[in-house]
Amino acid sequence: MTFTLPKLPYEYFALEPYIDAKTMEIHHSKHHQGYVDKLNAALNRTDLENKPLKEILSNINSFPEDKRTAIINNGGGHANHSLFWELMISNPEGKENKPEGELSEEINKTFGSFEEFKEKFSNIALTRFGSGWAWLIKNHKRKLEITSTPNQDSPIMDGNIPILGLDVWEHAYYLKYQNKRIDYINAFFKVINWKKVEELFKGN
Ligand code: MN
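Note that the sequence shown covers residues 2 to 205 in our numbering.
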């Protein structure tokens, strides 16, 4: 089995004007494809080849040291991006976009309100130094928590379940937003697919 690049659940232009088509195209067809190719190369002719990605990432320390970094970077990259695409949805008119139902209740319970959640999540995304991700996870106690990881490290590696993630590598926003990461973060909030986040929240 080799890993393959998943098709996007929408067109490259679908997230305009918040995430531009050119960024989406390069991000998906070049960056994500690169993680897939390098992951396959790292796993080639090892006994890990046929394992599901989640299992590989959950047991990262059991793998040969010379392969570990490549597997973390590219396996994490593949897992993170595959999730990221699913977490966004078209919202061309910029309608109000908030979680509903059980997820909304849990966010209010944990963080006080949606606004407080947004502020905390945005701040951790803004202050992640260099490249990495901001996350909303279900932690070991099955409680919501905001966290961030460097590079392509995945929360799965620590036994956590990511239900919302924001890529803050410059490749995710530089063409449109240059150094204005906060504008990109605010734009992301317009296109979060909260139904998908709720599904992940309930399903795990
Ligand atoms: Mn990326």
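We treat Cβ as the ideally placed atom computed from N, Cα and C, and that holds for glycine.
Check	Outcome
Just to confirm the assignment, what range does the beta strand (DSSP E) spanning residue 106 have?	First-last for residue 106: 102-112, but that is the alpha helix (DSSP H), not the beta strand (DSSP E).
Could you give the distance in angstroms between the alpha-carbon of residue 185 and the alpha-carbon of residue 66?	36 angstroms
Any heavy atom of the ligand MN closer than 7 angstroms to the beta-carbon of residue 32?	yes
Less than 7 angstroms between the CB of residue 135 and some heavy atom of the ligand MN, yes or no?	no
Quick check on the burial criterion: 16 or more other C-beta atoms within 10 angstroms. Buried or exposed for residue 153?	buried
Does any heavy atom of the ligand MN sit closer than 7 angstroms to the C-beta of residue 29?	no
Look at the Cβ atom of residue 145, then the Cβ atom of residue 108, and state whether they are nearer than 8 angstroms.	yes
Since residue 157 and residue 125 are thought to touch, with beta carbons under 8 angstroms apart, how far apart are those beta carbons, to the nearest angstrom?	In fact, because the Cβ distance is near 18 angstroms, the residues do not count as touching under 8 angstroms.
So, for residue 15: in the same chain, excluding its five sequence neighbours on each side, which residues have a beta-carbon less than 6 angstroms away from its beta-carbon?	91
Tell me whether residue 165 sits in a helix, a strand or coil according to DSSP, three-state version.	strand
What residue ranges within the stretch 112-172 form continuous alpha helix (DSSP H) runs of no fewer than 4 residues, ordered along the chain?	115-128
Taking three-plus beta-carbon pairs below 8 angstroms as touching, is the stretch 39-55 in contact with the stretch 68-83?	yes
Quick one: give me the first and last residue of the alpha helix (DSSP H) that residue 35 is part of.	34-44
Quick check: does the Cβ of residue 170 come within less than 7 angstroms of any heavy atom belonging to the ligand MN?	yes
Could you compute how far the alpha carbon of residue 177 sits from the alpha carbon of residue 168?	15 angstroms
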